[in-house]
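S.K.:
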């Protein structure tokens with residue numbers, strides 16, 4: 058029971074620390090952030106391995122490393138030299154369809170690594186690439202040559218509706234009122250939409266709406 062309580066406390070502390078450090082996927086972590094994440098997991102495990110070890114020093118270390126990461130992030134935003142020292146800089150690996158081999162060697166990227174990264178961007182022909190950079194987090198950014206880029210609506214002279222992002226209004230049978238303002242939704246409008254479809258709120262798995270009046274609705278599957 059004591060171990061379970063310690064585990065719950067450590068779990069809550071680590072979740073809180075990671076939460077205040079910001080939201081990033083593992084593949085988007087900068088080197089410093091990855092190091093802090095690994096250290097946090099190690100420090101958090103110490104009081105769980107031995108019940109005789111006090112839990113407070115480990116919790117203090119968790120919040121110390123979280124505070125150091127926040128300080129480091131602030132310095133990265135305000136001091137350019139510090140950001141470059143800590144994270145490095147983007148490296149040009151393709152220019153006008155030609156691989157920059159010297160730069161590839163500099164970042165220890167093999168030709169296979171480059172091809173795989175391009176395929177993940179739906180690019181299969183290096184000759185189609187105008188510029189490609191390997192960013193500081195290891196991801197690749199690609200700009201295709203003009204002839205290979207998909208045409209935009211403005212280039213095709215197409216009329217489009219105003220920009221609008223769908224917002225979540227019902228999730229698993231419950232309304233999400235915090236997003237109502239994004240799409241001009243109100244409870245009254247929502248009730249009308251449900252009545253028009255002959256549905257109850259609890260019948261909805263997912264409903265989104267945008268400011269243009271477009272609504273997507275997914276109804277829960279009935280149990281057989």
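In the working numbering, the protein residues as written are 58 to 281.
Using N, Cα and C, we set each Cβ at its ideal position, and we do this for glycine too.
1) Only counting the same chain, and skipping five residues up and downstream in sequence, which positions put a Cβ closer than 7 angstroms to that of residue 71?
2) Would you call the segment 251–268 in contact with the segment 227–237, where contact means no fewer than 3 C-beta pairs closer than 8 angstroms?
3) Got a sec, what are the start and stop residues for the alpha helix (DSSP H) residue 282 sits in?
4) Whole angstroms are fine: how far does the CA of residue 113 sit from the CA of residue 158?
5) Note the first and the last residue of the continuous beta strand (DSSP E) segment covering residue 262.
6) Buried or exposed: residue 186, going by 16 or more other Cβ atoms within 10 Å of its Cβ?
7) Tell me residue 198's beta-bridge partners as DSSP assigns them.
8) Hey, could you find the ends of the alpha helix (DSSP H) residue 249 is sitting in?
9) Have a look at residue 202 and residue 153 and give me their C-alpha separation to the nearest angstrom.
10) To the nearest whole angstrom, what separates the beta carbons of residue 178 and residue 148, a pair I think is in contact under 8 angstroms?
11) List the residues that DSSP assigns as beta-bridge partners of residue 310.
12) Are the beta-carbon atoms belonging to residue 151 and residue 189 less than 8 angstroms from one another?
13) Tell me residue 225's beta-bridge partners as DSSP assigns them.
14) Using three-state DSSP, classify residue 231 as helix, strand or coil.
15) Check whether the Cβ atoms of residue 222 and residue 247 lie closer than 8 angstroms to each other.
16) Would residue 269 be called buried (16 or more neighbouring beta carbons within 10 Å of its own) or exposed?
17) Would you kindly work out how many angstroms separate the C-alpha atoms of residue 63 and residue 121, rounded to a whole number?
18) Does DSSP put residue 66 in a helix, in a strand, or in coil?
19) Unbroken beta strand (DSSP E) runs of length 3 or more, entirely within the segment 156–192: which are they?
M.R.: Based on what the coordinates show:
1) The residue given as residue 71 occupies position 14 in the chain shown. Contacts found: 97, 101 and 119.
2) With a cut-off of 8 angstroms, the segment 227–237 and the segment 251–268 count as touching, because enough Cβ pairs lie within range.
3) Given a span of 58 to 281 for the chain in the structure shown, any question on residue 282 remains unanswerable.
4) Within the chain shown, the letter at position 101 stands for residue 158. Within the chain shown, the letter at position 56 stands for residue 113. Cα-Cα distance, rounded: 51 angstroms.
5) What you label residue 262 is simply residue 205 of the chain shown in a count that begins at 1. Here the beta strand (DSSP E) through residue 262 covers 261–266.
6) Within the chain shown, the letter at position 129 stands for residue 186. With 16 or more other Cβ atoms within 10 Å, it is buried.
7) Looking up residue 198 in the chain shown gives position 141. Paired residue(s): 190.
8) Stepping through the chain shown from its first residue, residue 249 is reached at position 192. Its alpha helix (DSSP H) spans residues 244–254.
9) Locating residue 202 in the chain shown gives position 145, counting from the first residue. Locating residue 153 in the chain shown gives position 96, counting from the first residue. If you take the alpha carbons of residue 202 and residue 153, they lie about 8 angstroms apart.
10) In the chain shown, residue 178 corresponds to position 121, counting from 1. In the chain shown, residue 148 corresponds to position 91, counting from 1. Going by Cβ atoms, the distance from residue 178 to residue 148 rounds to 16 angstroms, so no, they are not a contact pair.
11) No answer is possible for residue 310: the residues shown for the chain start at 58 and end at 281.
12) On the chain shown, residue 151 is found 94 positions in, with the first residue counted as 1. On the chain shown, residue 189 is found 132 positions in, with the first residue counted as 1. Against a cut-off of 8 angstroms, the Cβ pair of residue 189 and residue 151 comes out as a contact.
13) Counting from one through the chain shown, the residue named residue 225 turns up at place 168. For residue 225, DSSP records a beta bridge to 265.
14) Here residue 231 refers to the residue found at position 174 when the chain shown is read from its first residue. Collapsing the DSSP output to three states places residue 231 in a strand.
15) The count along the chain shown starts at 1 and reaches residue 222 at position 165. The count along the chain shown starts at 1 and reaches residue 247 at position 190. For residue 222 and residue 247, no; Cβs fall outside 8 angstroms.
16) Locating residue 269 in the chain shown gives position 212, counting from the first residue. Its Cβ having fewer than 16 others within 10 Å, residue 269 is exposed.
17) The residue given as residue 63 occupies position 6 in the chain shown. The residue given as residue 121 occupies position 64 in the chain shown. Straight across, the Cα-Cα distance linking residue 63 with residue 121 is about 19 angstroms.
18) Looking up residue 66 in the chain shown gives position 9. Residue state, collapsed to three classes: helix.
19) As summarised for the segment 156–192, the continuous beta strand (DSSP E) elements at least 3 residues long and confined to that stretch are 186–191, given in chain order.
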